[in-house]
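To start, the structure under review is shown below, and the notes come after it.
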Amino acid sequence: MLPMSVPLLDYVALSSVIFFIGVAGVLIRRNPLIVLMSIELMFNAANLLFMAFSRAWAHNAGHIFAFLVITVAAAEAAIGLAIVVTVFRTARHVDVDDVALMKG
Amino acid sequence: MLAFGILAVILLASAIWTVSAKKPVYSVVALLLHFAALAATYLMLNAEFLAVIQLIVYSGAILILFLFVIALLSSGVAPFSVGPNKMPKLAIPAVVLVLVALGAVTVGVAHLVVPVATSTGGSPVGPAGTADVFGSVGDFGKALFTTYLLPFEITALVLMVAVIGVILLAGDRSPYVPSQKQAREVRREMREAIVRGGDR
Chain A
42 MLPMSVPLLD
52 YVALSSVIFF
62 IGVAGVLIRR
72 NPLIVLMSIE
82 LMFNAANLLF
92 MAFSRAWAHN
102 AGHIFAFLVI
112 TVAAAEAAIG
122 LAIVVTVFRT
132 ARHVDVDDVA
142 LMKG
Chain B
160 MLAFGILAVI
170 LLASAIWTVS
180 AKKPVYSVVA
190 LLLHFAALAA
200 TYLMLNAEFL
210 AVIQLIVYSG
220 AILILFLFVI
230 ALLSSGVAPF
240 SVGPNKMPKL
250 AIPAVVLVLV
260 ALGAVTVGVA
270 HLVVPVATST
280 GGSPVGPAGT
290 ADVFGSVGDF
300 GKALFTTYLL
310 PFEITALVLM
320 VAVIGVILLA
330 GDRSPYVPSQ
340 KQAREVRREM
350 REAIVRGGDR
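Chains as they are written, first to last, in this note's numbering: chain A, 42 to 145; chain B, 160 to 359.
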């Protein structure tokens with residue numbers, strides 16, 4: 042462990058709270074765009090944790106992981122927005138509760 | 160420590176603003192603030208390359224994509240639900256569960272017996288901007304293209320699958336070739352225009 046000016050636990054707590062705010066956004070909001078943005082918040086909370094632990098061990102595996110997470114997040118945002126546009130084309134109205142065609 | 164406190168306040172406030180904003184445009188603005196503060200936090204953690212990537216990829220590409228979709232969808236009538244946000248029935252137990260899980264993680268990390276890195280082979284930590292120390296662009300690039308080459312290649316595959324999926328989902332059915340009917344229509348109109356005397 043390398044000495045850090047800010048304790049590792051502070052980063053863990055901050056990241057947990059941001060992740061939780063993202064979870065709350067996904068659960069509560071009905072606007073699919075804001076749901077997607079909440080998912081981005083969760084991705085970034087995980088990334089912050091990767092960075093903090095990477096710094097604590099002075100090993101850059103965490104940086105590589107964060108890089109891959111950013112890639113996957115970009116792909117996810119593109120696909121999610123494409124789905125939103127497709128739903129809007131057919132229904133002229135977007136609400137996550139109304140898109141329940143594949144509900145069992 | 161002071162810088163961390165200021166950044167933490169900005170991060171939390173902008174995250175709450177993102178989730179609670181009425182209009183998605185304000186959410187995007189709040190998320191932009193969040194990502195900028197996050198990039199500054201990455202700099203504090205000696206992750207120079209990832210801080211730049213955060214600004215370029217997230218703020219520059221993903222958020223602009225969000226803005227384009229908002230602009231596209233809001234051009235006509237209001238496309239989004241304006242009613243109150245209904246909380247699903249499972250939300251409250253889920254919130255409790257997530258809180259308990261996060262608390263457990265935080266306490267667990269606090270009591271974690273952290274094994275001291277003996278043979279991780281990490282680079283020494285130096286001031287930001289120095290070449291080949293931990294977190295510098297050279298250090299990151301060397302790791303990405305030697306040790307972690309296969310994940311990097313798989314990244315390319317993931318992005319390609321995403322591009323193909325987006326084209327299949329949102330693209331036009333026949334993007335380049337006009338249908339036979341359309342082509343016939345255009346030819347007929349041109350012929351009529353010529354008969355009329357070229358005064359289109």
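For glycine and all other residues, C-beta sits at the position ideal for the given N, C-alpha and C. Please read these numbers as outputs of a predicted model, since none were measured by experiment.
The beta-carbon of threonine 112 of chain A is placed less than 8 Å from the nearest beta-carbon of chain B.
Pairing valine 125 of chain A with leucine 256 of chain B, the inter-Cα distance amounts to about 29 Å. When DSSP states are grouped into helix, strand and coil, valine 257 of chain B belongs to the helix group. 8 Å or more divides the Cβ of glycine 103 of chain A from the Cβ of methionine 83 of chain A. Under the Cβ criterion of 8 Å, proline 183 of chain B is counted among the residues facing chain A. With respect to isoleucine 59 of chain A, leucine 170 of chain B sits close: the two C-beta atoms are nearer than 8 Å. Only Leu197, Thr200, Tyr201, Met203, Leu204, Asn205, Ala206, Phe208, Leu209, Ile212, Gln213, Val216, Tyr217 from the region 197 to 217 of chain B bring a Cβ to less than 8 Å from some Cβ of chain A. Taking 8 Å as the cut-off, the Cβ atoms of tyrosine 52 of chain A and leucine 109 of chain A do not count as close. The three-state secondary structure of valine 135 of chain A, taken from DSSP, is strand.
Distances from the alpha-carbon of phenylalanine 208 of chain B to those of B:Arg350, B:Ile175, B:Asp298 put B:Asp298 closest. Under the DSSP assignment, valine 228 of chain B falls in the alpha helix (DSSP H) whose first and last residues are 222 to 232.
Listed along chain A, the residues sitting closer than 9 Å to threonine 177 of chain B by beta-carbon distance are Ile62, Gly63, Gly66, Ile75, Met78, Ser79, Glu81, Leu82.
At a cut-off of 8 Å between beta-carbon atoms, glycine 219 of chain B makes no contact with chain A. Ranked by Cα distance from glutamine 213 of chain B, the options B:Phe194, B:Ile229, B:Phe227 are led by B:Phe194.
Across the structure, alanine 206 of chain B and alanine 329 of chain B are spaced so that their CA atoms are roughly 36 Å apart. Pairing methionine 203 of chain B with glycine 121 of chain A, the inter-Cα distance amounts to about 32 Å. The alpha-carbon of serine 233 of chain B is positioned some 10 Å away from that of proline 183 of chain B. Valine 317 of chain B has its alpha-carbon roughly 30 Å from the corresponding atom of alanine 260 of chain B. Taking 8 Å as the threshold, the shortest C-beta distance from valine 168 of chain B to chain A does not fall below it. Burial of isoleucine 221 of chain B is indicated by the presence of at least 16 other C-beta atoms within 10 angstroms of its C-beta. Per DSSP, threonine 200 of chain B is one residue of the alpha helix (DSSP H) stretching across 183 to 203. In the structure shown, the three-state DSSP call for arginine 347 of chain B is helix. At a cut-off of 8 Å between C-beta atoms, isoleucine 165 of chain B does not count as an interface residue with respect to chain A. Secondary structure at histidine 104 of chain A: helix, using DSSP grouped into helix, strand and coil. Around the beta carbon of arginine 133 of chain A, fewer than 16 other beta carbons sit within 10 angstroms, so the residue counts as exposed. No Cβ of chain B is located within less than 8 Å of the beta carbon of valine 140 of chain A. In terms of Cβ geometry, valine 137 of chain A and valine 76 of chain A form a close pair [threshold 8 Å]. Taking a Cβ-Cβ cut-off of 8 Å, serine 233 of chain B has no neighbours in chain A, whose nearest Cβ is about 10 Å from it. Shortest Cα-Cα distance from valine 322 of chain B to any of A:Ala107, A:Glu117, A:Ala86, A:Lys144 involves A:Glu117. Residue state for proline 310 of chain B is assigned as helix, using DSSP reduced to three classes.
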